[in-house]
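Engineer: Residue numbers (the working numbering): 2 to 62. Have a look at this one before I ask anything.
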Amino acid sequence: MSEFEKMVLKIAAKATKEAQVNSLKKGVANVYAKNGQIFFQLPDGTITQEEPQQYKDVVLR
């Protein structure tokens, strides 16, 4: 991997972490997938597989 690629990955990882922290501060759960299973990190730090109500209330059109 080139130095440029390493730099881009480092910047992307930092931006992702900042976005995750910001969403939790705003009361929005983060969503992750591992081994084909969905996990939610709630704003209080809890990790669960139960879909939060705020996600159930969203209607995609």
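Yeah, the Cβ is synthetic: ideal placement off N, Cα and C, and Gly gets one too. Only a predicted model underlies this, so the values are computations on that prediction, with no experimental measurement involved.
Spatial neighbours of residue 48 within its chain, please: CB distance less than 8 Å, with the 5 preceding and 5 following residues excluded, ordered by chain position.
Structural biologist: These residues qualify, in order along the chain: 40, 41, 42.
Engineer: Sort 13, 55, 60 by Cα distance to residue 27 and report the nearest one.
Structural biologist: Nearest C-alpha to residue 27: 55.
Engineer: Whole angstroms are fine: how far does the CA of residue 25 sit from the CA of residue 45?
Structural biologist: Using only the alpha carbons, I get a separation of about 8 Å.
Engineer: Does the distance from the C-beta atom of residue 53 to that of residue 30 stay below 7 Å?
Structural biologist: Against a cut-off of 7 Å, the Cβ pair of residue 30 and residue 53 comes out as a contact.
Engineer: Out of curiosity, what's the CA-to-CA distance linking residue 38 and residue 4?
Structural biologist: Approximately 34 Å between the Cα atoms of the pair.
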